[in-house]
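Structure record follows, encoded as structure tokens.
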Amino acid sequence: YTFQNGKVGLKLVSGQVVLSSTNGKAKIIYSHGDVILVGPSTSIVIPVVKGNEKEMSLNYGKVRGVINKDGPLAGLKIRTPSAVAGVRGTDLFVSYNPSDVKTEVQVLRGEVEVKAQLQATDQLSQKTIDSIESKTYTVKTHEKLTMEVIENNSSVTSSTTSASEAAAANPPVVNTEIVRSSVEDLD
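According to my numbering, the stretch in the sequence shown is residues 10 to 196, in order.
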């Protein structure tokens, strides 16, 4: 792959990675009016459209999406390593911090559905993942959801217990909190 410095008028394509530096920002404006603002120290993958499915990856950092509910990006899913936010026609912020595996979704206008997302491992069965990921949280205007996936070490396992048995007995915990927020809370 190659790197290219951003500049006004640069055409981006679906699946392309955008990285911003510590002091960098980017504004991606679509011809139909939808806007994605990329904050400092952020890595995203430009939305990939497959039929009616639209998905953008936020690897780390913070983005703001202003998405028209009738536009081509309506229904966009913003995926972080720990959550998936389904955008319906919304003005929202999504951030992901890899150091604490925490995703935050803050809605300025509209509604967003958020689900936990876990990575399959040898220690974590698909059944456990499915049960954790089945819960959907709805975040409405002026609400902020914080979702953190925490390893569950609530019980001590014996030396004869395998890693997969321990993970099955102590699946990860998805700690979620939704609070009212105001525009002043945004940084």
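By construction, the Cβ of each residue, glycine as well, lies at the ideal position given by its N, Cα and C atoms.
Practice task
Return the CA-CA distance between Gln200 and His151, expressed in angstroms with no decimal places.
Solution key: It is not possible to answer for residue 200, since the shown part of the chain is limited to 10 through 196.
Problem - Top-ranked residue by Cα proximity to Val96, from Ala35, Val47 and Lys63 - result: Lys63
Handout entry: Supposed contact pair Ile45 and Ser66 - C-beta distance, whole angstroms, cut 8 Å
Key = About 12 Å separates the CB atoms of Ser66 and Ile45; that is not less than 8 Å, and the two are not in contact.
Practice task
Classify Gln115 as helix, strand or coil using the three-state DSSP reduction.
Solution key: strand
Practice task
For Ser50, I'd like the list of residues in its chain whose CB is within less than 6 Å of its CB, leaving aside the five on either flank, ordered along the chain.
Solution key: Thr31 and Gly70
Exercise for the section: Tell me Lys59's beta-bridge partners as DSSP assigns them. Expected result: Glu62
Practice task
Alpha carbon to alpha carbon, how far is Thr99 from Val121? Give it in angstroms, no decimals.
Solution key: 7 Å
Handout entry: Opening and closing residue of the beta strand (DSSP E) in which Tyr105 lies
Key = Asp100 to Asn106
Problem - Start and end residues, beta strand (DSSP E) containing Tyr146 - result: Thr145 to Lys149
Handout entry: Bridge partner(s) assigned by DSSP for Val47
Key = Beta-bridge analysis with DSSP links Val47 to Ala35 and Val72.
Exercise for the section: Whole angstroms is fine: what's the gap from Leu127's alpha carbon to Glu157's? Expected result: 11 Å
Exercise for the section: Using a threshold of 9 Å, state whether the C-beta atoms of Val75 and Lys86 are closer than that. Expected result: Cβ distance not < 9 Å, so Val75 and Lys86 don't count as in contact.
Exercise for the section: May I ask you to report which of helix, strand or coil DSSP gives Thr11? Expected result: coil
Practice task
Quickly, what does DSSP pair Val27 with across the bridge? List them, please.
Solution key: Checking the DSSP bridge columns, you'll see Val27 partnered with Ile53.
Practice task
With a cut-off of 8 Å on the beta carbons, I'd call Val47 and Ile38 a contact; round off their distance for me.
Solution key: 12 Å between Cβ atoms; not a contact.
Exercise for the section: Mark Val17 as exposed unless 16 or more other C-beta atoms lie within 10 angstroms of its C-beta, in which case mark it buried. Expected result: Exposed is the call here.
Exercise for the section: State the DSSP-derived secondary structure class of Leu67, mapped to helix, strand or coil. Expected result: Three-state DSSP puts Leu67 in a strand.
Exercise for the section: Reducing DSSP to helix, strand and coil, say where Gly42 ends up. Expected result: coil
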